[in-house]
Each structure stands twice: as C-alpha cells, then as structure tokens.
Amino acid sequence: MKLMEGDHIAPFNLGNPGEFTMLELAKVVQDTIDPDACIEFRPNTADDPHKRKPDISRAKELLGWEPKVPLREGLPRMVTDFRKRIFGDQGESTEAAGGLS
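Per this note's numbering: the sequence shown = residues 2 to 102.
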C-alpha cells in the first residue's frame, strides 16, 4: 500500500537477504511439508541465478520494509494458511491435503 502513496515506479525486491542454497531451502520445505519426501536433483537451467540473495536495500530505504519472520517460522504459517484457503476446515487433515501432513 505504501508504494501507492509514493512516486516509486521501479520494482522492489522483497525477500530474506540471508543467503541459502536451494538444497537448504528444499530441506526446510521437506521438514515443513513431509519429512519423508524425496528431494530430486536436476541440472540447472542456463538462466539459473547462482546467487539467491535479494537486495532489499530499496525496500528498506524507501518503504521502511524489512523481513521480520525467519523462513523456518514463516513457511509453516504459509503452508497452514494455504491449506485453509484450499481445503477449508479440512486444511489440517493429512487426507484432505492429498497426503501432505
């Protein structure tokens, strides 16, 4: 909403400036969704970024925004919210989530 109040027209990176590998992210997702899930390794695409650390300096400077929730805390919240939106009251059910717990 703050963007609508200003004259800022360029894009803003919003994310966690802490850098982690895709394997580290996959393990957090695995722990959150299904600890028994298998992580598949595939070759990188030609345009795959080697560095996954967003520069959030514009968002901090112009919007006063910075992340406050760590990934390991925010991801489970997001999954719970998505399940409720998709499955309604059954969102917590393993069966309703297509086997996801």
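C-beta atoms are modelled at their ideal positions from N, C-alpha and C, and glycine is treated no differently. Bear in mind that the values here come from a model prediction, so they are computed numbers and not experimental data.
Under the rule that a run must span 3 or more residues, no beta strand (DSSP E) segment is found entirely inside the region 18 to 74. From the listed residues K85, M79, K54, the smallest Cα separation to V70 is found for M79.
Under the Cβ criterion (8 Å, minimum of three pairs), the region 40 to 53 does not count as touching the region 61 to 69. Distance between L26 and D35, taken at the CA atoms: about 14 Å. The C-beta distance from P44 to P18 rounds to 27 Å, too long to meet the 8 Å contact threshold.
Comparing alpha carbon positions, the residue from H9, K85, G16 closest to L72 is G16.
By the beta-carbon neighbour count (other beta carbons within 10 angstroms, threshold 16), T46 is exposed.
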